[in-house]
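Visitor: Which chain is which? The protein sequence lines are A and B, in order.
The first sequence: position 311 = 317 (my numbering), numbered continuously.
The second sequence: position 250 = 256 (my numbering), numbered continuously.
Even for Gly, the Cβ is constructed at its ideal location relative to N, Cα and C.
If you're wondering where the values come from, they're calculated on a predicted model, not measured in any experiment.
Shown below is the structure under consideration.
2 protein chains.
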Amino acid sequence: MKPMAAEKGRITLAHGGGGRLTDQLLKNLILKHLPHQAVLLDSAVLDATDRKTAFTTDSYVVSPIFFPGGDLGKLAVFGTCNDLAVVGATPVALSLALIIEEGFELEALERLLQSVAQACREANVKIVTGDTKVVARGQADGIYINTAGVGKISPKARLGFERLETGDVILLSGTIGDHGLAIMAQREGLRFDTPIVSDVACLADLTCALIDELGEAVKFMRDPTRAGLAGVLVDVAENCDREVMIHEDRIPTHSATRAAAEVLGLDLLTVANEGKLVAVIDRPFAEPALNICRQFEKAARACVIGEVGGSHSPAQVVMTTTTGGQRIVQKPYGEQLPRIC
Amino acid sequence: MKPMAAEKGRITLAHGGGGRLTDQLLKNLILKHLPHQAVLLDSAVLDATDRKTAFTTDSYVVSPIFFPGGDLGKLAVFGTCNDLAVVGATPVALSLALIIEEGFELEALERLLQSVAQACREANVKIVTGDTKVVARGQADGIYINTAGVGKISPKARLGFERLETGDVILLSGTIGDHGLAIMAQREGLRFDTPIVSDVACLADLTCALIDELGEAVKFMRDPTRAGLAGVLVDVAENCDREVMIHEDRIPTHSATRAAAEVLGLDLLTVANEGKLVAVIDRPFAEPALNICRQFEKAARACVIGEVGGSHSPAQVVMTTTTGGQRIVQKPYGEQLPRIC
Numbered sequence: 007m008k009p010m011a012a013e014k015g016r017i018t019l020a021h022g023g024g025g026r027l028t029d030q031l032l033k034n035l036i037l038k039h040l041p042h043q044a045v046l047l048d049s050a051v052l053d054a055t056d057r058k059t060a061f062t063t064d065s066y067v068v069s070p071i072f073f074p075g076g077d078l079g080k081l082a083v084f085g086t087c088n089d090l091a092v093v094g095a096t097p098v099a100l101s102l103a104l105i106i107e108e109g110f111e112l113e114a115l116e117r118l119l120q121s122v123a124q125a126c127r128e129a130n131v132k133i134v135t136g137d138t139k140v141v142a143r144g145q146a147d148g149i150y151i152n153t154a155g156v157g158k159i160s161p162k163a164r165l166g167f168e169r170l171e172t173g174d175v176i177l178l179s180g181t182i183g184d185h186g187l188a189i190m191a192q193r194e195g196l197r198f199d200t201p202i203v204s205d206v207a208c209l210a211d212l213t214c215a216l217i218d219e220l221g222e223a224v225k226f227m228r229d230p231t232r233a234g235l236a237g238v239l240v241d242v243a244e245n246c247d248r249e250v251m252i253h254e255d256r257i258p259t260h261s262a263t264r265a266a267a268e269v270l271g272l273d274l275l276t277v278a279n280e281g282k283l284v285a286v287i288d289r290p291f292a293e294p295a296l297n298i299c300r301q302f303e304k305a306a307r308a309c310v311i312g313e314v315g316g317s318h319s320p321a322q323v324v325m326t327t328t329t330g331g332q333r334i335v336q337k338p339y340g341e342q343l344p345r346i347c
Numbered sequence: 007m008k009p010m011a012a013e014k015g016r017i018t019l020a021h022g023g024g025g026r027l028t029d030q031l032l033k034n035l036i037l038k039h040l041p042h043q044a045v046l047l048d049s050a051v052l053d054a055t056d057r058k059t060a061f062t063t064d065s066y067v068v069s070p071i072f073f074p075g076g077d078l079g080k081l082a083v084f085g086t087c088n089d090l091a092v093v094g095a096t097p098v099a100l101s102l103a104l105i106i107e108e109g110f111e112l113e114a115l116e117r118l119l120q121s122v123a124q125a126c127r128e129a130n131v132k133i134v135t136g137d138t139k140v141v142a143r144g145q146a147d148g149i150y151i152n153t154a155g156v157g158k159i160s161p162k163a164r165l166g167f168e169r170l171e172t173g174d175v176i177l178l179s180g181t182i183g184d185h186g187l188a189i190m191a192q193r194e195g196l197r198f199d200t201p202i203v204s205d206v207a208c209l210a211d212l213t214c215a216l217i218d219e220l221g222e223a224v225k226f227m228r229d230p231t232r233a234g235l236a237g238v239l240v241d242v243a244e245n246c247d248r249e250v251m252i253h254e255d256r257i258p259t260h261s262a263t264r265a266a267a268e269v270l271g272l273d274l275l276t277v278a279n280e281g282k283l284v285a286v287i288d289r290p291f292a293e294p295a296l297n298i299c300r301q302f303e304k305a306a307r308a309c310v311i312g313e314v315g316g317s318h319s320p321a322q323v324v325m326t327t328t329t330g331g332q333r334i335v336q337k338p339y340g341e342q343l344p345r346i347c
């Protein structure tokens, strides 16, 4: 039996065959980085509890795989944790399914798995089940990762579009567009004095603190990934059938990110974020909510960017611009930035 | 806004952008076929119970996508249900994550989603969360599907390698190799008088009946997919540190499948199945177990193919061949049949 080194540091079709070489890949590489996790199991047994369970999935196909501030592995863990977090859940267990292109470098896979393991430690979540498939050269682009997640929903969470009312405030946890522009700047070879760094981060500690301390005063949460802040706010307006009013000058941005967006002709409102929270909060609890955010470095620049308007106006998002004009914010039609997450 | 028909019946990068066109794809196509399911939600809330939960994932990359007896959609539902079934769980909820190549035919996607919906009805399971990504031409091969699954484990289930003892019997629910050979025959353009049809099927009703009626007399279950019957039996032998003895003449096969395996030089023991069960049963319960199997059409040819031997022999699988010889059955080393599931 040939050792893995003889395969010249590359994934082969044989690594995905379910035979000895798959066993070796699992034991020598995957379990090396995830030693306390049970990726070998086809099914995982989770502890029973009497709380409601959240369940989510996402495939991650970002290109390039390694980017300033993160990589595909970190994104796959935090992205799925964030989907659980915004429904008021504490992430408990993740699955990890890899689709790998023949010829992908083992060294890169190793780096990704290290990153997955580190992200799991940070998010206090475990990978409990997994799967690995290999496809031929030209049938994928390096590696794609799917993670599904299970979480326990806080009994204090009462989240939903139907709870939104006129006067509720829109809270944003920090700068927008950093993830999308970090990816695009790297793809385009743009360089700035201050590098653009992806904001990829786990939001679960922040969301849990908000729900824990403010309970039902937190009415809605979402992380603005694909389609960006615009996508979330348009969903809010349409689903609560009210106008949403925001102020451009209150939306935090990094100057390098703004500059890159201008060069590339992108609207930061529609660019993906991977570590930001949009929350709709009952107005009297706006200040307490901001104070909670500011306890977290990743939400240090949290602010109220607008509010839910009346139901007499059209269900749309209206932004007061820095020059005092008004602009209707729309969801992007299609794909601006392919493979951004 | 252009209607989807204007896109010439093909998936575009824009369908994966998270914007309007993604909404349209979800509303006009995915929810059309899965109307009672909540694929629109990023996270799903499952009913709480006091039972143990099983959680599993698998990516499905089979080529061709449509094959005799099934397709990628059916496989993605039943395959994940089967992973839950063999740990003693009733499948409750699935996630559905699609990675689609730009240019993939919408008509084919529609057929796959119909198939997913039909399979969910048969398996009495719901898709509760989903994700869709599109990658550029040449970055996937048509479509890949990941499903993760959550199931409730029967309180009567007591399954595990550690329970296996000398004298336990090995039960196989029917013919082997049909899935792998159906795929390979189609790829190679082989034709037989009797077509080879994949055995893809949901095993959960069968496994639940076994656990329900026989309880802890069912000691271990596995569906022999990649690496086939050989893979499962070698795992059994190594994990219970005992010899496993089987009889070639007791293993059911279809004649067309056997013929195709001969033409292609494949060992049926190592070929993937997608609707077969291997169960290790406490010997006194062998007949009751077979009687339960025979109530299901898909397990009508169930039989006892061997037994767990003593711990004094090497932990290997020994097969008495049809000619009376003995052969050591080994797990395949690498990949025989790429993208078989």
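With a cut-off of 8 Å, does the C-beta of Leu27/A fall near any C-beta of chain B?
Guide: Output row for Leu27/A: interface = yes.
Visitor: For His260/A, write down the residues that DSSP places opposite it in a beta bridge.
Guide: According to DSSP, His260/A bridges with nothing at all.
Visitor: Distance cutoff 8 Å, beta carbons only. Does Val45/A sit that close to anything in chain B?
Guide: Low local confidence applies: a pLDDT of 43 at Val45/A is under 50, so the model's placement there is unreliable, with the coordinate-based value given in what follows. For Val45/A, the answer is no, since every Cβ of chain B falls outside 8 Å of its Cβ.
Visitor: Could you pull the start and end residues of the beta strand (DSSP E) that Cys133/B belongs to?
Guide: For clarity, residue 133/B is Ile in the given sequence; the question names Cys instead. 132 to 141 is the span of the beta strand (DSSP E), which, as asked, contains Ile133/B.
Visitor: Report the neighbours of Ser101/A on chain D: residues whose CB is nearer than 8 Å to its CB, in chain order.
Guide: The structure shown contains no chain D; its protein chains are A and B.
Visitor: From Leu350/A to Gly186/A, what distance separates their C-alpha atoms?
Guide: Chain A is shown only over 7 to 347; residue 350/A falls outside these bounds and no answer can be derived.
Visitor: Which residues mark the beginning and the end of the alpha helix (DSSP H) in which Glu313/B is found?
Guide: From DSSP, Glu313/B is part of no alpha helix (DSSP H) but of the beta strand (DSSP E) over 309 to 314.
Visitor: For Pro74/A, I'd like the list of residues in its chain whose CB is within less than 7 Å of its CB, leaving aside the five on either flank, ordered along the chain.
Guide: Once the five neighbours on either side are set aside, the close Cβ partners of Pro74/A are Ala188, Gln192, Pro201, Ile202, Val203, Ser204.
Visitor: Just how far apart, CA to CA, sit Arg228/B and Lys282/B?
Guide: For Arg228/B and Lys282/B, the distance between alpha carbons rounds to 9 Å.
Visitor: Under 8 Å, Cβ to Cβ, is there at least one residue of chain B near Lys139/A?
Guide: Chain B, which has a Cβ nearer than 8 Å to the Cβ of Lys139/A, makes this yes.
Visitor: Specify whether the segment 231 to 240 of chain A and the segment 289 to 301 of chain A touch according to this definition: at least 3 beta carbon pairs, one from each stretch, less than 8 Å apart.
Guide: No contact exists between the segment 231 to 240 of chain A and the segment 289 to 301 of chain A.
Visitor: Enumerate in chain order the residues of its own chain whose CB-to-CB distance from Thr86/B is below 8 Å, with the five nearest sequence positions on each side excluded.
Guide: These residues qualify, in order along the chain: Thr62, Thr63, Asp64, Pro97, Leu100, Thr153, Ala154, Gly155.
Visitor: Does the Cβ of His21/B have 16 or more other Cβ atoms within 10 Å, making it buried, or fewer, making it exposed?
Guide: With 16 or more other Cβ atoms within 10 Å, it is buried.
Visitor: Express the C-alpha separation of Val93/A and Ala60/A in angstroms, rounding to a whole number.
Guide: Between Ala60/A and Val93/A, the C-alpha separation is close to 8 Å.
Visitor: From the DSSP output, in three-state form, read off His39/B for me.
Guide: Helix.
Visitor: To the nearest angstrom, how far is it from the Cα of Arg232/A to the Cα of Ile149/B?
Guide: Roughly 21 Å between the two C-alpha positions.
Visitor: So, helix, strand or coil for Arg232/B, using DSSP?
Guide: Here Arg232/B sits in coil by DSSP.
Visitor: With DSSP as the reference, label Ser121/A as helix, strand or coil.
Guide: Reduced to three states, the DSSP call for Ser121/A is helix.
Visitor: I need the straight-line Cα distance from Val335/A to Val323/A, nearest angstrom please.
Guide: Their Cα atoms are separated by approximately 5 Å.
Visitor: Mind listing the chain A neighbours of Thr135/B? Cutoff is C-beta to C-beta under 7 Å, in chain order.
Guide: Correct list: Phe61, Thr62, Thr63.
Visitor: Can you pull the chain B neighbours of Gln145/A, defined as C-beta to C-beta under 7 Å?
Guide: Within 7 Å Cβ-Cβ: Ala146, Asp147.
Visitor: Check the Cβ of Ile106/A against every Cβ in chain B and list those closer than 7 Å, keeping chain order.
Guide: Near Ile106/A there are no residues of chain B at all, since even the closest Cβ is about 10 Å away, more than 7 Å.
Visitor: Give the interface partners of Gly183/A over in chain B, defined as CB-CB distance under 9 Å, in chain order.
Guide: The contacting residues do not exist; Gly183/A stays about 14 Å from chain B at best.
Visitor: Measuring straight from C-alpha to C-alpha, what distance separates Glu280/B and Leu274/B?
Guide: Distance between the alpha carbons of Glu280/B and Leu274/B: 14 Å.
Visitor: Counting only beta-carbon atoms, is Ala54/B nearer than 8 Å to chain A?
Guide: Summary for Ala54/B: the model assigns pLDDT 49, below 50, so the residue's position carries little reliability; its value from the coordinates is reported in the next sentence. Taking Cβ atoms only, chain A reaches closer than 8 Å to Ala54/B, which makes this a yes.
Visitor: State the start and end residues of the unbroken alpha helix (DSSP H) segment that holds Leu192/A.
Guide: Checking the displayed sequence, the identity of residue 192/A turns out to be Gln instead of Leu. It spans 184 to 194 - the alpha helix (DSSP H) in which Gln192/A sits, taken as one unbroken run.
Visitor: Between Val175/A and Glu222/A, what straight-line distance do the alpha-carbon atoms span, to the nearest angstrom?
Guide: For Val175/A and Glu222/A, the distance between alpha carbons rounds to 14 Å.
Visitor: If you count every other CB in all the chains shown that lies within 10 Å of the CB of Ser261/A, and 16 or more means buried, which is it?
Guide: That one is exposed.
Visitor: If you measure from the beta carbon of Val242/B to each beta carbon in chain A, is any gap under 8 Å?
Guide: Cβ-Cβ to chain A under 8 Å: no for Val242/B.
Visitor: Does the CB of Gly340/A have a neighbour CB from chain B at under 8 Å?
Guide: Yes, Gly340/A counts as interfacial toward chain B.
Visitor: If you reduce the DSSP assignment to three classes, tell me which class Lys80/A lands in.
Guide: Lys80/A falls in the helix class under three-state DSSP.
Visitor: Once you ignore the five residues that flank Gly157/B on each side, which residues in its own chain have a CB closer than 6 Å to its CB?
Guide: Same-chain partners within the cutoff: Ala60, Leu90, Ala95, Thr96, Pro97, Val98.
Visitor: Spell out the partners DSSP gives Lys158/A in its beta bridges.
Guide: Per DSSP, Thr59/A, Thr96/A.
Visitor: What residue does the beta strand (DSSP E) around Leu178/B start on, and which one ends it?
Guide: Leu178/B -> beta strand (DSSP E) spans 175 to 178.
Visitor: Got a sec? Which residues, its chain only, sit under 8 Å from Leu177/B by beta carbon, not counting five neighbours each side?
Guide: The residues are Leu283, Val284, Ala285, Val286, Ile287, Ala292, Ala295, Leu296, Cys299, Ala308, Cys309, Val310, Ile311.
Visitor: Using a Cβ-Cβ cut-off of 8 Å, state whether Val67/B counts as contacting chain A.
Guide: Judged by the 8 Å Cβ criterion, Val67/B is in contact with chain A.
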